[in-house]
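Visitor:
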Amino acid sequence: MLGYIVPDKPELKVKEYELYSGYYCGICKSIGRRYGQLPRMVLNYDAVFLALIVSCFDEKEERVEAERCIAHPLKKRKVVYNQDALDYAADIILFLAYYKLKDDLADEHAVRGAAGVFLLKNSFRKWMKLHEKKGILMEKNLRDLAQLESENCRSMDRAAEPFAKLMEAVCVPEWLEGTTAEEPLKHIGYHMGKWIYFIDAWDDLEDDFARKEYNPLLSRFEFSADRETVGQFRTRIKERVEYNLFSCLGKIAEAWTELDREKNKGLIDNIVYFGLMKKTEAVLKKGNITDAESV
């Protein structure tokens, strides 16, 4: 996960925003308590959405404390405790960060990747003991993804499938497997995975082209620098990409409606119906060019 899953803050009530921030701080505290201080650097806001979704099925009332921390030493911030979902989201974000750093180690970011892998290695071993079955499945999905990318896969759907399946697994913690919640949660994860994969591909077009790295859009729509600029390429394919992104958002909304949970409903409604839409619109604007430039 790459930090795309965020709420539309202006639409949140004050209490909702405080709870959202409390979940973020709770995940951060969970990482520090169980893995040490250094791994806390990998946290991003995608983990909050996962914690909110999973915690919908935890009947315990959140314990909320006002605390200071190293990042915010002057002002106390609300921190959510006693939710299993917080520990689960913390574990997932660590797993994904570890493999992102391993990926960096394999390309031009070797120094950063080597340092990150070294720092997180013990945390990853502890993680695998806690989630061995899920870890094996997620590792397979990441290997499949790397294989398709190495083959310069020209199908967007095929290229996105391993990450979609990884996110499908991520959204169902072990204690919800086999329950009525499993299928809707899988659908949320699967389509969220596709949305993240596609929106990240659009976001990174220029960088991927410059570094000669695989990008499913460059491959599928046959970009050629001899025929067009990256800006012109964006204009040519934008409608197709937009259709795929909004289709994914529609499927996520359908699955969330099917779950029909009241806990955290205001926050999750905001993210699903407003935050993801605004993020999609904002990223799609990237690289827009004028009509004169597209001639």
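Start counting the sequence shown at 113; every next residue gets the next number (my numbering).
Think of the CB as a built atom: it goes at the ideal place given N, C-alpha and C, for glycine as much as any other residue.
On a CA-only basis, which of F275, D196 and E263 is nearest K252? Give me that one, please.
Guide: K252 has its Cα closest to that of F275, out of F275, D196 and E263.
Visitor: From D269 to E179, what does the alpha carbon distance come to, in whole angstroms?
Guide: If you take the alpha carbons of D269 and E179, they lie about 45 angstroms apart.
Visitor: Drop a sphere of 10 angstroms on the beta-carbon of D158, count the other beta-carbons inside from all chains shown, and report buried for 16 or more, exposed for fewer.
Guide: By the neighbour-count rule (16 or more Cβ atoms within 10 Å), D158 is buried.
Visitor: For A271, count neighbouring C-beta atoms within 10 Å of its own C-beta (all shown protein chains included) and say buried if the count is 16 or more, exposed if not.
Guide: Its Cβ being crowded by 16 or more others within 10 Å, A271 is buried.
Visitor: With DSSP as the reference, label Y193 as helix, strand or coil.
Guide: Correct three-state label for Y193: strand.
Visitor: If you draw a straight line from the C-alpha of K141 to the C-alpha of R189, how long is it?
Guide: In a straight line, the C-alpha of K141 is about 12 angstroms away from that of R189.
Visitor: Using the rule of at least 16 other Cβ atoms within 10 Å of the residue's Cβ for burial, across every protein chain shown, is N327 buried or exposed?
Guide: It counts as buried.
Visitor: Who pairs with V176 in a beta bridge, going by DSSP?
Guide: DSSP lists V192 as partners of V176.
Visitor: What residues in its chain sit with their C-beta under 8 angstroms from that of N356, if we drop five residues either side in the sequence?
Guide: Hits under 8 angstroms: M268, K306 and F310.
Visitor: From what residue to what residue does the alpha helix (DSSP H) around T341 run?
Guide: Segment: none, T341 is in no alpha helix (DSSP H) and carries neither H nor E.
Visitor: Any contact of the region 116-135 with the region 252-266, i.e. 3+ C-beta pairs under 8 angstroms?
Guide: The region 116-135, when compared against the region 252-266, does not touch it at the 8 angstroms Cβ threshold.
Visitor: Excluding five sequence neighbours on each side, which residues of the same chain lie with their C-beta closer than 8 angstroms to the C-beta of F386?
Guide: If we look at F386 and ignore the five residues flanking it on each side, its Cβ neighbours are P119, D120 and E123.
Visitor: Of the residues R175, S359, V282 and V284, which one's Cα is nearest the Cα of V192?
Guide: Out of R175, S359, V282 and V284, R175 has the C-alpha closest to the C-alpha of V192.
Visitor: If distances are taken between C-alpha atoms only, which option among L330, K363 and Y302 comes closest to T347?
Guide: Answer by Cα proximity: L330.
Visitor: Got a sec? Which residues, its chain only, sit under 6 angstroms from A367 by beta carbon, not counting five neighbours each side?
Guide: The answer, listed in chain order, is P296, H299 and I300.
Visitor: Less than 8 angstroms between the beta carbons of I182 and V160, yes or no?
Guide: Not in contact: I182 and V160 (Cβ atoms no closer than 8 angstroms).
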